[in-house]
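Visitor: Can you keep this structure in mind? I'll have questions shortly.
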Amino acid sequence: MRRTDAGLDFASLLEMGDEALPAARSLMRTRPEVILYGCTSGSFIEGSQDIPIRIACETDTHCLTTAGAVLAAHEALGARNVVLITPYPDAVNHAEIAFLKQAGIVVNLCDSLPCDADHPIGAVSDAETMALAFRHADAIREADALFISCTNLLTLDRIATLEARLGRPVISSNLASLWAVLRHLGHDAWRGPNWSLMAAGRS
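Mapping of the sequence shown onto our numbering: residues 868 to 1070, in sequence order.
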């Protein structure tokens, strides 16, 4: 599956959901215990709610979504107001803010990394994401958590640094996805970095 960031809109996100079905079927030879539909925006926009149901029906395998994992991660940390960083265009940001609000999570501040065909999401460096977070350090310290949205942003190895310098839990789409899959599989003995979300999952 390929998605160009210049075409990141609701239609392309729903199309990606359709493409996830044959992709999920192709995994069946590995006999997975769980499948994760790992696109944040592609699993919170209107019309995407049936994607995990369709995948589960097609594969007879439990299907998680990143959007669902994100909500569960916020709940585990007690994060009710957050600063949101994304690489999305405004329309997708507005949809995400509404999605979070419906779950009782208030976005105090939202800022986006500029992405287009010349500088796609996958080309965004972790340094760019960290710089944007540090620019909003005061707002983050007044919130319950920082949420970095999009599984195509490579920030997993920077979460410990962000948490240490900002003094707040950090949730990223990839971290929430990892946490949700491990929790579903019953793997509670986390031996990796001391991320706040992993500690909350053991409490």
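Where is the CB? At the ideal position from N, CA and C, for every residue including glycine.
Can you confirm whether the segment 1038–1050 touches the segment 1011–1020 when touching is taken to mean that 3 or more C-beta pairs between the two stretches lie within less than 8 Å?
Guide: Short answer: they touch.
Visitor: Report the three-state DSSP secondary structure of Ala907 (helix, strand or coil).
Guide: The residue labelled residue 907 in the question sits at position 40 within the sequence shown. The sequence shown places Thr at residue 907, rather than the Ala named in the question. Residue state, collapsed to three classes: coil.
Visitor: In the DSSP assignment, find the alpha helix (DSSP H) that holds Asn960 and state where it starts and stops.
Guide: In the sequence shown, the residue the question calls residue 960 occupies position 93. Element bounds for Asn960: Asp957 to Gln969.
Visitor: With a 10 Å radius around its C-beta and 16 neighbouring C-beta atoms as the bar for buried, classify Ser992 as buried or exposed.
Guide: Against the sequence shown, residue 992 aligns to sequence position 125. Exposed, by the Cβ-count rule.
Visitor: Provide the residue span of the alpha helix (DSSP H) that contains Asn1019, from first to last.
Guide: Along the sequence shown, one-based indexing puts residue 1019 at 152. Looking at the DSSP string, Asn1019 is not in any alpha helix (DSSP H), and its letter there is neither H nor E.
Visitor: The beta strand (DSSP E) spanning Thr953 covers which residue range?
Guide: Numbered from its first residue, the sequence shown carries residue 953 at position 86. Note, Thr953: beta strand (DSSP E), Asn948 to Thr953.
Visitor: Answer yes or no: do Leu888 and Glu925 have a C-beta to C-beta separation smaller than 8 Å?
Guide: Within the sequence shown, numbered from 1, the residue matching residue 888 stands at position 21. Within the sequence shown, numbered from 1, the residue matching residue 925 stands at position 58. Cβ distance < 8 Å, so Leu888 and Glu925 count as in contact.
Visitor: If we count the other Cβ atoms within 10 Å of its Cβ and call it buried at 16 or more, is Ala1066 buried or exposed?
Guide: As a first step, residue 1066 is located in the sequence shown; it is residue number 199 there, counting from the start. So Ala1066 counts as exposed.
Visitor: By the 10 Å Cβ neighbour count, where 16 or more other Cβ atoms means buried, how is Leu856 classified, buried or exposed?
Guide: No answer is possible for residue 856: it lies beyond the span of the chain, which begins at 868 and ends at 1070.
Visitor: Taking Ala1026 as part of the alpha helix (DSSP H), name the residues at either end of that continuous run.
Guide: Taking the first residue of the sequence shown as 1, we reach residue 1026 at position 159. Per the sequence presented here, residue 1026 reads as Ile, with Ala not at that position. Looking at the DSSP string, the run of the alpha helix (DSSP H) that includes Ile1026 is Ile1026 to Leu1033.
Visitor: Taking just the CA atoms, how far does Ala965 sit from Arg870?
Guide: Residue 870 sits at position 3 when you count from the first residue of the sequence shown. Residue 965 sits at position 98 when you count from the first residue of the sequence shown. With a pLDDT of 39 at Arg870, under the threshold of 50, the modelled position of that residue is not reliable, and no figure is offered here.
Visitor: Rounded to whole angstroms, what's the CA-CA distance from Arg814 to Ala958? Just pull it up for me.
Guide: Lying before the first or after the last residue shown, residue 814 is absent from the chain, which here runs from 868 to 1070.
Visitor: Pair every Cβ in the segment 965–977 with every Cβ in the segment 1023–1031, then say whether three or more of these pairs are closer than 8 Å.
Guide: No, they do not touch.
Visitor: Work out the CA separation of Val949 and Arg1002 for me, nearest whole Å.
Guide: By one-based count along the sequence shown, residue 1002 stands at place 135. By one-based count along the sequence shown, residue 949 stands at place 82. Taking the straight line from one Cα to the other gives about 15 Å.
Visitor: What three-state label does DSSP hand Ala1010 in the structure shown?
Guide: The residue you call residue 1010 lines up with position 143 of the sequence shown. In the structure shown, Ala1010 sits in coil (DSSP, three-state: anything other than H, G, I, E or B).
Visitor: Give the straight-line distance between the Cα atoms of Pro919 and Asp927, rounded to the nearest whole angstrom.
Guide: Here residue 919 corresponds to residue number 52 of the sequence shown, with the count starting at 1. Here residue 927 corresponds to residue number 60 of the sequence shown, with the count starting at 1. Rounded to the nearest angstrom, the two C-alpha atoms are 11 Å apart.
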